[in-house]
Every structure is written in structure tokens, then in C-alpha cells.
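Asks:
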Amino acid sequence: MWHSQALACKKLSKFQPIQFYNNESGTYELLPFNFDKVSDDRYVITNLVGEYLTIDSKSLQDIVNHELSPTNNLYSKLRSKQFIREPDEAYPIELLALKLRTRFARLANFTNLHIFVVTLRCDHSCPYCQVSRQSEDKASFDMTTEMADKSLAMVFRSPSPAIKIEFQGGEPLLNFEMIKYVVTTAKKLNAVHQRNLAFVIATTLSLITEEILVFCKEHNIVISTSLDGPEDLHNANRPRPNKDSYQRFIDGLQKTRAILGYNQVSALMTTTDKSLPRVKDIIDEYLKLGFKGIFLRPLSPYGFAIKTRKFMSYNTERWLEFYKEGLDYIIQLNKNGIEFSEYYSALVLKKMMTSSDPGYVDLMNPAGIGIAAIVFNYDGNVYASDESRMLAEMGDSTFLLGNVLTNTYEEIILSDKLLDALDESFTLSAPMCSECAFEIYCGAEPVYHHAIHKDFLARKPESEFCKRNMTTFKHLINIMEDDSERKSLFIDWANKC
Amino acid sequence: MHNLVVIFDERIYSVLTLQKAAYRFISYFACNFSLTENQIQCEIESTGNMTLEAFNAKVHDFKKEVLDQHLREKIRVETDDIRNLILSVAFSSTGLQKVE
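So the sequence lines, in the order shown, correspond to chains A and B.
Take any residue in the first sequence, note its place counting from 1, add 3, and you have its number in the numbering used here.
Take any residue in the second sequence, note its place counting from 1, add 97, and you have its number in the numbering used here.
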């Protein structure tokens, strides 16, 4: 009786005895991984799905030379993250394949973000503006219904189950009638297409009215706005004729939150030379106004930022100081019980700690241009990204893919201009990137590299994009490895992202 | 402008390993490689304005980078096949490609 019960238990057991997992031969095989130094005697190893571990140089040598003992604590960590496998084990291959598919799942969905530039007119004259703006009364810089209809027809050619339409400008609210037209027409079309349709308006809020907000509420449109810091900094960065940019922002924010809901509006900031000594003031301003986080981002080398040489007013090292100081301050705020995130770090941490890709266009490989985001300009031109149309405003039409009036969807999406940029910038076959430990967290960014180096790929040792991201990745890893409390906070950010 | 010749043993390091290491220092110096019997000769020439001290420090870093690149090469050689296997398993039935 006892024997048959024991036998039944043994058959039902879901688990193997501990001896089953002993590696008696002591041999193991390497699975593909890259490594890089993150501090004096600390290396990070990463595999092709983004799992990472930090180890010292002796351990790295031991791993590669097959001298690591199965009894070493590191051994089980390496197995659990698929850096090594024991002979004939199949599950590490299956797990790596599954995680890889998950990470690249967005590719099959194709373009999600569709940017509609409904006007180039603007009521602001920001010196760093990345889009050349025109005065408010030039209707020739407005999108027409014909352009909008043709653009919408192309939007719904994307196979993506989720379609986001973002209205940009200039100041898109100066052509609010066109926003209304696009939203209502898109919803009619979607009755047939049945996608998960979402709308965003990117606005300074200076022209927001109750009538506009009622429409936004009715159609679930969310607002993305700009806040550069305290009143004096915001007004200096974003000049208006009456020097009232900040006050209009505050009034608009209150109205928007009252009608749409508190969390239906998010804000972005741009770092100018005036911002650099004031990162704490900027973060305090975001806190004061009830935002739950901030996106610390540098100026992009496009549009008026180049024309006014604002882009050259600080270098990557200075921006990294600004970022690190801001990140330290935000971490301290959280230690003091104030919940607040830094969104760029959160995006990177999401890539480091999960198999998901948050879909941030700058950190995608293949590059996100065209295949993750696409721009329909007011004049019917179609660009590979928002930065691409900014370049075109400077006279460089490298990423102009076609025009909705004269080209088909196939001609635009399969244009050599897009495919060459995607192909030539692909990081897994790029010198230095292909063996970089941070490749899986980084992006191809052909538009940036073309703008600065006149080359989709560029020499990465000379790329400020590479330097900025490498430093950021190493900084985040070192913070986590030095302090478990900070690591817990970062895990929280990654999960929320 | 500073110049230096560094010799590597061909039986230990591949030219590809040295080239990859040199590429990482492309903004500091240029390298010309030549092969003699069992030796890879690397002529290093600084670019731009560098002090001799800074140049020597970069050459020192370059030699350390060669060791890292050598290790990377060992990993690559051992894992190339399995990497291809993982990629083929990952994307074998995604529907991304049409079968004619």
C-alpha cells in the first residue's frame, strides 16, 4: 500500500529531484553574448535578447575559457539568463528564440504612429524650434481636406492593429478645423477597418479653448504639451509677442485637466544652454504642476536649432552632466517618498529588464523611420519621421519618401530612400555596433547620423549619439549595481513604462 | 603628430581582431597594418592635436582593447552556429515572410 502511494506520488511530482540538475561533467557551452567595460573592473555582459549581468574581468576570462565551476554562484545566474547552456539542453535555445520574437514583435505590426502636420503656422518664435515656422496668417502652410483624405487612406493601409494619429505643427490648434476633419473622417473610416484608434494633439496650450477641449473629450483625444521649466526659463525659451507663454501654458493646463482629466495631458521639455544650470528648478516646476515625471532630452540637430546655432551651444558631455544631476535629484526625491520618474531612463530600463520593446523610435533597430512612425506634411509630402521633415525644412530632402497626391502607398513604403536608410544603418551588421554590449538597448538613428555625418551609419567612435547613449547605459547599470534600493526604483520605472 | 609601431604575434591575434580594436580608436589615431613572418606590424599615427602623454595613454588603451577584441572573437567563433539557430527558430513561423 505504502509502496504504491509512493509510486503514485513520484509519478505525479512536477519537479525533478535536486540531483537531476547537477552538472556532473562540469562542461558547458557558450551562448552568444557581448561584453563591455562599465567601470574599472566591472564588465557588463549582454545577450541578444537584452539579458545582462555584471562581472569582473577574471570571471569573464573564466567563462570564455570554460573554467567556471558549476558550484560557482555565477554559474546558475549565467544559465538562468541564457549565457551558457549544458550539453544537449534545448530549452535555452527555445527561450532565447521566444524572447527574441517578443522583442521584435512590433516589426510585424508595422507603422503605428502617424503624424499629421496640419499647419506650419505658429504663435511662438522659439529660437531652438526644430520646425521652421511661418507667421500665423499664411494659410498656404495649412493642410487641405484633399491632402488629409489622401493621407488617411494611406494611414489605414498600415497593417497595425493600433493606429495613433498625432497632430503637430507649427501650432496645430491654428488649424483646428482640419484636426476636427481628420478625427471625424478617421473614425468613419475606422468603422470599416476596426483598429484601435487613438489621437494626440501636440500643442503649447497657448490657444486651447473650452470648445476645443469639449471636442477632445468627445473623441478621447489626449494632449502632449511643452514645459521647459520655471516661468522665466519657459518664457525665454519660448518667446511670444506678449511674453506670456508660461501664463498661457498654466491657464491652458488648468482648463485641459478640468475638462479632459488630470492625467490626459503630458509634457515634454527641451534643454537649451539656459536650462543647463537649472535642472533642479525644472524638475521642481514639473512637480509643482503635478506631473509624475520628466523626459530629460537634448536639443536635436534640426530646423531652427541649426539655423540659430542653438544646437552647438553645449556639447554631449555638458548634457550628460545635466542628465546625471537631474537623475540623482529624481532618485533623491523618490527616497524622500515623492513618486517621480525620468522617462528616458525608464525607456532604457524597460529594454534592459524586460523582453518588451517600448517602441521609442530613436532606440530602435531596424530604425523606426517609416516602419514605426511616418509623417504626413501639410503639403502632401510624406517623410520618414518627424526629424526627417525638420531636415527638409532646412533644404535636405533625403528622407522625403513621396507625396500623397502623386505616389502610391507601395511607392512610398518601398522607396529606395527608406529601404536604403534602414538597410545601411542596421546595427547588427554595423562596425562596432554589431559587437557592442549595448546594441540591443540602442538604436540605428539614420536621420541623426545623416544630419551630422552625412552618412546613415557614420563612424560610431565619432558619433555623439553613440557617446551619449553608451554613457547613459553604463551610468544606469552602475547605479543599479552599486545600490539595491535604486535598482528597486528602476525596476518600478521599467514596469510602469 | 605622433607615430608609434606596435608588433603583434600573428599566431595569437588575427588581423580582424586588431582592425576591430583600431576602429574603436579611429577618432584618435589611424593604423596601417602590414604582415611579416609571424608578425602583424601596426603603424599608429595620431590624428588632430594630442599631447604625447595623451597619445601614449590611448595606445595603452588600444592594447587593452585588443585583448577584449580577442575574447570577443573567441565567443563569436564558438557561438556563431547557435546564434543562427536561435534566429531561425525565432523567426521561422512569424508570418513575416510569404512562402511562394
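The beta carbon of each residue, even a glycine, is placed where N, CA and C say it ideally should be.
Output the residue ranges of the alpha helix (DSSP H) runs that lie fully inside the region 312 to 338 of chain A and measure 4 residues or longer, sorted by chain position.
Replies: Within the region 312 to 338 of chain A, the complete alpha helix (DSSP H) runs of at least 4 residues are 319 to 338.
Asks: Please classify A:D389: is it buried, with 16 or more other beta-carbons within 10 angstroms of its beta-carbon, or exposed?
Replies: Buried is the call here.
Asks: For chain B, check one thing: does any of its Cβ atoms lie closer than 7 Å to the Cβ of A:Q250?
Replies: By this cut-off, A:Q250 is not an interface position.
Asks: Taking C-beta pairs closer than 9 Å, name the residues in chain B that A:A100 reaches, listed in chain order.
Replies: In chain order: L182, I183, L184, S185, V186, A187, F188 and S189.
Asks: For A:S227, tell me which candidate among A:Y386, A:S28, A:T259 and A:L63 has the shortest Cα-Cα distance.
Replies: Looking at the Cα atoms, A:T259 is the closest of the given residues.
Asks: Would you say A:P35 lies against chain B (beta-carbon separation less than 7 Å)?
Replies: Yes, because at least one Cβ of chain B sits closer than 7 Å to the Cβ of A:P35.
Asks: State the Cα-Cα distance for the pair A:L110 and A:G373, rounded to the nearest angstrom.
Replies: Each residue's alpha carbon lies about 11 Å from the other.
Asks: Chain B partners of A:M435, CB-CB under 7 Å?
Replies: The contacting residues are Y120 and R121.
Asks: Cβ of A:P464 less than 7 Å from any chain B Cβ?
Replies: By this cut-off, A:P464 is an interface position.
Asks: Should B:E150 and B:T114 be called a contact, given that it needs their Cβ atoms to be closer than 7 Å?
Replies: No; because the gap between Cβ atoms is not below 7 Å, this pair is not in contact.
Asks: Going by other Cβ atoms of all chains shown within 10 Å of its Cβ, with 16 needed for buried, is A:D360 buried or exposed?
Replies: The residue in question, A:D360, is buried, as its Cβ has 16 or more Cβ neighbours within 10 Å.
Asks: Consult DSSP for B:C139 and reduce its assignment to one of helix, strand or coil.
Replies: If DSSP states are grouped into helix, strand and coil, B:C139 belongs with the strands.
Asks: Between B:L168 and chain E, is the shortest Cβ-Cβ distance under 7 Å, so that the two count as touching?
Replies: Looking for chain E here will not work: the only protein chains present are A and B.
Asks: Who are A:L545's beta bridge partners in DSSP?
Replies: The first residue shown for chain A is 4 and the last is 500, placing residue 545 of chain A beyond what the model contains.
Asks: Which one of A:C439, A:L394, A:N384 and A:D426 has the shortest CA to CA distance from A:E414?
Replies: The option with the nearest alpha carbon to A:E414 is A:N384.
Asks: For a cutoff of 7 Å on Cβ pairs, would you count B:E175 as touching chain A?
Replies: For B:E175, the answer is yes, since a Cβ of chain A falls inside 7 Å of its Cβ.
Asks: Could you have a look at A:A151 and say whether DSSP puts it in helix, strand or coil?
Replies: Reduced to three states, the DSSP call for A:A151 is helix.
Asks: How would you write the range of the beta strand (DSSP E) that A:F38 sits in, first residue to last?
Replies: Here the beta strand (DSSP E) through A:F38 covers F36 to S42.
Asks: Would you be able to state if there are at least three C-beta pairs under 8 Å between the region 118 to 132 of chain B and the region 472 to 479 of chain A?
Replies: They do not touch, by the three-pair rule.
Asks: List the endpoints of the continuous alpha helix (DSSP H) containing A:F493.
Replies: Segment S487 to K499, the alpha helix (DSSP H) holding A:F493.
Asks: Taking all protein chains shown into account, decide if A:Y346 is buried (16 or more other Cβ within 10 angstroms of its Cβ) or exposed.
Replies: That one is buried.
Asks: Residues of chain A with CB under 8 Å from B:K155, in chain order?
Replies: Those within 8 Å of B:K155 in chain A number zero; the least Cβ separation is about 11 Å.
Asks: Give the secondary structure of A:G255 by DSSP, where H, G and I count as helix, E and B as strand, and everything else as coil.
Replies: In the structure shown, A:G255 sits in a helix (DSSP, three-state: H, G or I).
Asks: In chain B, which residues lie less than 9 Å from A:I96 when you measure between Cβ atoms?
Replies: Those are I179, L182, I183 and V186, listed as they occur along chain B.
Asks: In chain order, what residues of the same chain have a beta carbon less than 6 Å from the beta carbon of B:K117, not counting five sequence neighbours either side?
Replies: Result list for B:K117: Q166, in chain order.
Asks: Does the beta carbon of A:V121 come closer than 7 Å to any beta carbon on chain B?
Replies: No, A:V121 lies away from the interface with chain B (no Cβ there is under 7 Å from its Cβ).
Asks: Which residue marks the beginning of the beta strand (DSSP E) containing A:R392, and which one marks its end?
Replies: Note, A:R392: premise wrong, no beta strand (DSSP E); alpha helix (DSSP H) at D389 to E396.
Asks: Thinking C-beta only, is A:K167 closer than 7 Å to A:A194?
Replies: No, the pair does not count as a contact, with Cβ atoms beyond the cut-off.
Asks: Relative to the C-alpha of A:I324, which residue among A:L403, A:P162 and A:L279 is closest?
Replies: The sequence given here places Glu at residue 324 of chain A; Ile does not occur at that position. With distances taken between Cα atoms, A:E324 lies closest to A:L279.
Asks: In whole angstroms, give me the CA-to-CA distance for A:Y31 and A:T273.
Replies: Straight-line Cα distance between these residues: approximately 49 Å.
Asks: Got a sec: is the Cβ-Cβ distance from A:E174 to anything in chain B below 7 Å?
Replies: Closer than 7 Å: no.
Asks: So A:R45 is in the beta strand (DSSP E); what residue range does that whole segment cover?
Replies: Start and end: R45 to N50.
Asks: Measure from the alpha carbon of B:I172 to the alpha carbon of each residue in A:D65, A:L33, A:D91 and A:L99, then state which is nearest.
Replies: That would be A:L33, whose Cα lies nearest to the Cα of B:I172.
Asks: Compare the C-beta of B:I172 against all C-beta atoms of chain A and say whether one is closer than 7 Å.
Replies: B:I172 counts as touching chain A.
Asks: What does a CB cutoff of less than 7 Å around A:N26 pick up in its chain, not counting 5 residues either side in sequence?
Replies: If we look at A:N26 and ignore the five residues flanking it on each side, its Cβ neighbours are P73 and E89.
Asks: Starting from A:N223, follow the alpha helix (DSSP H) in both directions and report where the run begins and ends.
Replies: First-last for A:N223: undefined, no H or E at that position.
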